[in-house]
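In the working numbering, the protein residues as written are 16 to 307.
Using N, Cα and C, we set each Cβ at its ideal position, and we do this for glycine too.
Below you can see the structure in the form of structure tokens.
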């Protein structure tokens, strides 16, 4: 009979920040890191973790500025910081090799980590996690450095002046969650809201993520360097994309050609959070890929 007990919360230190991760037990099993995406949190993996915890030692971290991890005091959420945090987690856990399932922003972070340290990753499932498509990156890079830095300063100031949205009740936050992703069931939306919102001093509710996470760093790597990291990946890799997602498929724009070990599966009737939208199919594909 499967245990109904949930995970335990833990902390590790990265760049002086106390970052949260949850541990689903079974420490004698091989380690599996489930990394969430932007404006999300580690408990969005709970359904996946319940399915995989008996064969794997499942670890689900909260990115800096997300969930129950601390916010960066200077609002720094560049890819360099995220990749360092991920590398620090793997170092702190002390494993020679890990397997990774990562979504969206988390997928971009884990992809760069895997290219930097290919010997550290046994297998990698990337769910819509390659960042902006090529034409968007070209547009960004065609702008002069002065213009890009000026825009970054404006964006940071705008984020500093933005008051976190408040909801009178947690039910109101739940309704917003349902509006954001119409594929979610009521149970999924309720669970994601319970773990994704916290109560303010005045009794209202707000999402846990820092507003600064929406400001893209001006100091990101050029596309050629990102592609070089993609090409350095040596482990088996499974890419999963939703046909109803806003994220462009790497088969359409040629990005999949930079991955020598990758296989792509596209899901009908699924958006950006396909691991919620088509859960049964997702779990079957992941289990088949990860193996015993």
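- By the Cβ-count criterion, residue 47 is buried, with 16 or more other Cβ atoms from all chains shown falling within 10 Å of its own Cβ.
- The three-state reading of DSSP puts residue 228 in helix, counting H, G and I together.
- Contact annotation: residue 221 and residue 215 have beta-carbon atoms nearer than 7 Å.
- Between the region 16–35 and the region 175–194, the count of Cβ pairs shorter than 8 Å is below three; the stretches do not touch.
- Taking a contact to require three or more Cβ pairs closer than 8 Å, the region 71–86 and the region 29–37 qualify as touching.
- Counting other Cβ atoms within 10 Å of its Cβ, residue 144 reaches 16 or more and is therefore classed as buried.
- A distance below 7 Å separates the beta carbons of residue 92 and residue 227.
- Sequence-distant Cβ neighbours of residue 98 in its own chain, meaning closer than 8 Å and more than five residues away, are 124, 127, 128, 131.
- The Cβ atoms of residue 219 and residue 186 do not sit closer than 7 Å to each other.
- In terms of Cα proximity to residue 112, the closest of 96, 163, 121, 139 is 139.
- Judged by beta-carbon spacing, residue 304 lies within the 7 Å limit of residue 253, meaning their Cβ atoms are closer than that value.
- In the three-state reduction of the DSSP assignment, residue 76 falls in the strand class, which pools E and B.
- In chain order, 113, 135 place their CB closer than 7 Å to the CB of residue 105, counting only its own chain and leaving out the 5 sequence neighbours on each side.
- By alpha-carbon distance to residue 205, the top candidate from 184, 225, 224 is 184.
- If the five residues before and after residue 298 are omitted, its C-beta is found closer than 6 Å to the C-beta atoms of 66, all from its own chain and listed in chain order.
- Excluding residues up to 5 positions away in sequence, 143, 285, 286, 287, 289 lie with their Cβ nearer than 8 Å to the Cβ of residue 260 in the same chain.
- DSSP places residue 238 in the uninterrupted alpha helix (DSSP H) bounded by 238–246.
- Comparing alpha carbon positions, the residue from 42, 301, 203 closest to residue 292 is 203.
- For the options 33, 133, 146, the alpha carbon positioned closest to that of residue 52 is the one of 146.
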